[in-house]
Amino acid sequence: MAVLEVKNIEKHFDSTKVLRDVSFEMEEGSALAIIGSSGSGKTTLLRCLNFLEVPDKGSIIVRGETLFDADRPMKEQEKDLRRKRLHFGMVFQSFNLFPQYTALENVTLSEKLLAKEKPDFKQNKKEILEEIEKHGRALLEQMGLAERMEHYPHQLSGGQQQRVAIARALALQPDILCFDEPTSALDPELTGEVLKVIRGLADQHTTMIIVTHEMSFARDVADQIIFMDEGVIVEQGDARQVIDHPREERTRQFLTKY
Amino acid sequence: MFWSVTQSLLDGLWTSFEIFIFTLLFSLPLGLVLSFGAMSRWKILRGLVQTLVWIIRGTPLMLQLIIIFYGPGLWLGHNIWNGSESGRITATVVAFSINYACYFSVIFRGGIEGVPVGQREAGEVLGMTKSQIFFKITLLQMIKRVVPPMSNEVITLVKDTSLARIIAAYELTFAGYSFMKSSGITWPLFYTGVFYLVFVGILTLLFNYIERRLDYFR
């Protein structure tokens, strides 16, 4: 069974159609790259998956559970919105770390807040918080940030901040981790360290959707690639196939620019 | 003479301090509520808050104080503030709280809107509730942003307490002025100024301290 099914998503802002009839599926443990020029709708698509935008049409299904269906009443959509969101993790282009918290606190904050809602929190408070702390440290170590846990975001380089953001998104163990142009805000010499981390996640078969402009990276890391243009999926298929031998003329034109 | 002046000025300072502290106590939360109103999705509420802010910021505080103190007595036929000193102080605090809440609401709105949208979105995708996002993420970043403009307003408030003289509340300036009227001496006026300077000086140190405490993040 597909871990994610996106069916006929449409989204418009005022009269501009940003997404038109977007459908795709993803298998558990696979990595999907979405490529396309600016304004093609790739970021909007990710934002729809994370419920930062509400699609006007279509449905989103994770592990067989319909999280969103535009045909159902809005009241029902908003119910359990927080729980539904947790199926997806999001890494933003501009990191969006919380400046008043250390790297470790950034990673553990949401997990701690969620733990407080559990009925047994009061009794086992100490153990639960210690466990979360341990988990957060392990994630940051995995990101190669063992020495930076107590640093505040402004004390970290862009590449380090983005790695903290990845750890933060992983902390809640989402089914699908989304990256919105994770290296676009970085200096060229810092993109490598972030791409390396994402590559590592792909090797561990983390289910991921990566919106990116790094074509060679997309080719190497992703299993599938979707090329979008003007809000529609122009071409989708095996990553190497799409990059090396695109079938569509528009894809070919786009790729010659890289 | 010096001691009796000091004694009177200390009495006046206490009244000024009461007006100051109670005004802050009420206007800070009220200002925050008004700032939410000004940012509400509900157009009518937004319009109401904007109109209130326009009226309060567009008319003199002294005029507002006069209306709030004398108005109810003339309209209702009995003075709801009763004529005592504490009634005068209460009326002053009410007028000041409304006035300062309006100014604060604009500062707070600027502070909240100045926090990047990405902060809220990051909180949302991490499954936080609206109130968790406000209290755990936005609030401290907002406070950091509003400390400098707030220090201006709070210092202005210290000196605005002297307006309470218009409804005969015995505050600091009234105290200093009364010696000039009764004994024809002017030095208590300068002495009064020193009281204000010390008051504001302490506040300045306090604000510097808060700014330094919030310097650990950017």
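Protein chains in written order, with this note's numbering: chain A, 29 to 286; chain B, 536 to 753. All C-beta atoms in this analysis are idealised placements derived from N, C-alpha and C, irrespective of residue type, glycine included. Keep in mind that this is a model prediction, so the values were computed, not measured.
query                                                                                                                             : result
Below-8 Å beta-carbon distance, HIS182(A) vs any chain B residue                                                                  : yes
Unbroken alpha helix (DSSP H) run spanning MET340(A), endpoints                                                                   : Chain A is shown from 29 up to 286; residue 340(A) falls before or after that span and cannot be answered.
Extent of the continuous beta strand (DSSP E) to which ASN36(A) belongs                                                           : 32 to 41
DSSP beta-bridge partners of SER575(B)                                                                                            : Per DSSP, none; premise fails for SER575(B).
Inter-stretch contact (C-beta, 8 Å, three-pair minimum) for the region 646 to 655 of chain B and the region 181 to 190 of chain A : no
Helix, strand or coil at VAL260(A) according to DSSP, with G and I counted as helix                                               : strand
Chain-ordered residues of the region 134 to 145 of chain A with a beta carbon less than 8 Å from chain B                          : LEU137, SER138, LEU141 and LEU142
Alpha carbon of ARG576(B) to alpha carbon of THR586(B), nearest angstrom                                                          : 16 Å
Whole-angstrom distance between LEU77(A) and HIS115(A), CA atom to CA atom                                                        : 9 Å
Per-residue burial, VAL689(B) [other beta carbons within 10 Å of its own, 16 or more giving buried]                               : buried
For ASP97(A), the three-state DSSP class (helix, strand or coil)                                                                  : strand
Where VAL119(A) falls: helix, strand or coil (DSSP)                                                                               : strand
CB contact below 8 Å: PRO147(A) versus chain B                                                                                    : no
Unbroken beta strand (DSSP E) run spanning LYS236(A), endpoints                                                                   : The sequence shown places Met at residue 236(A), not Lys. Segment 236 to 239, the beta strand (DSSP E) holding MET236(A).
Any C-beta of chain A under 8 Å from that of VAL660(B)                                                                            : yes
Between the CA atoms of ILE702(B) and PHE604(B) - distance to the nearest angstrom                                                : 7 Å
At least three beta-carbon pairs within less than 8 Å, the region 117 to 131 of chain A to the region 38 to 46 of chain A         : no
Cross-chain neighbours of THR664(B) in chain A, by beta carbon under 8 Å                                                          : ARG110
Interface positions of the region 633 to 659 of chain B facing chain A (Cβ-Cβ less than 7 Å), listed along the chain              : GLY653, GLN654, GLU656, ALA657 and GLU659
Neighbouring residues, chain B, relative to SER58(A) (Cβ below 9 Å)                                                               : Near SER58(A) there are no residues of chain B at all, since even the closest Cβ is about 21 Å away, more than 9 Å.
Under 9 Å by beta carbon: chain A residues contacting GLN676(B)                                                                   : PHE126, PRO127 and GLN128
For LEU141(A) and TYR744(B), the rounded distance between their alpha carbons                                                     : 30 Å
ALA193(A), enclosing alpha helix (DSSP H) - first and last residue                                                                : 186 to 199
VAL652(B) (DSSP reduced to helix, strand or coil)                                                                                 : helix
Given VAL46(A) as reference, the closest of ILE63(A), PRO202(A), GLY69(A) and GLY64(A) once Cα atoms are compared                 : GLY69(A)
At least 3 beta-carbon pairs within less than 8 Å: the region 562 to 570 of chain B vs the region 620 to 640 of chain B           : yes
Separation of ARG680(B) from ALA230(A), as counted between CA atoms                                                               : 40 Å
As assigned by DSSP and simplified to three states, the class of GLU53(A)                                                         : strand
For ALA197(A), the nearest candidate out of ALA213(A), GLU217(A) and LEU167(A) (CA to CA)                                         : LEU167(A)
Selection from ASP266(A), PHE255(A) and ALA30(A) that minimises the alpha carbon distance to VAL249(A)                            : ASP266(A)
Identity of the residue in ASP84(A), GLY117(A), ARG91(A) and ARG110(A) nearest PRO101(A) by Cα                                    : ASP84(A)
Alpha-carbon spacing of ALA630(B) relative to GLU553(B), whole angstroms                                                          : 14 Å
Inter-residue Cα distance where the pair is ASP96(A) and VAL584(B)                                                                : Checking the sequence, you will find Phe at residue 96(A) rather than Asp. One C-alpha to the other measures close to 36 Å.
Runs of alpha helix (DSSP H) lying entirely within the region 561 to 648 of chain B, each at least 4 residues, in chain order     : 578 to 593, 596 to 611 and 620 to 648
DSSP state of LYS85(A) mapped onto helix, strand, coil                                                                            : strand
Other residues of its chain near VAL650(B): CB distance less than 7 Å, five sequence neighbours each side excluded                : THR673, GLN676 and MET677
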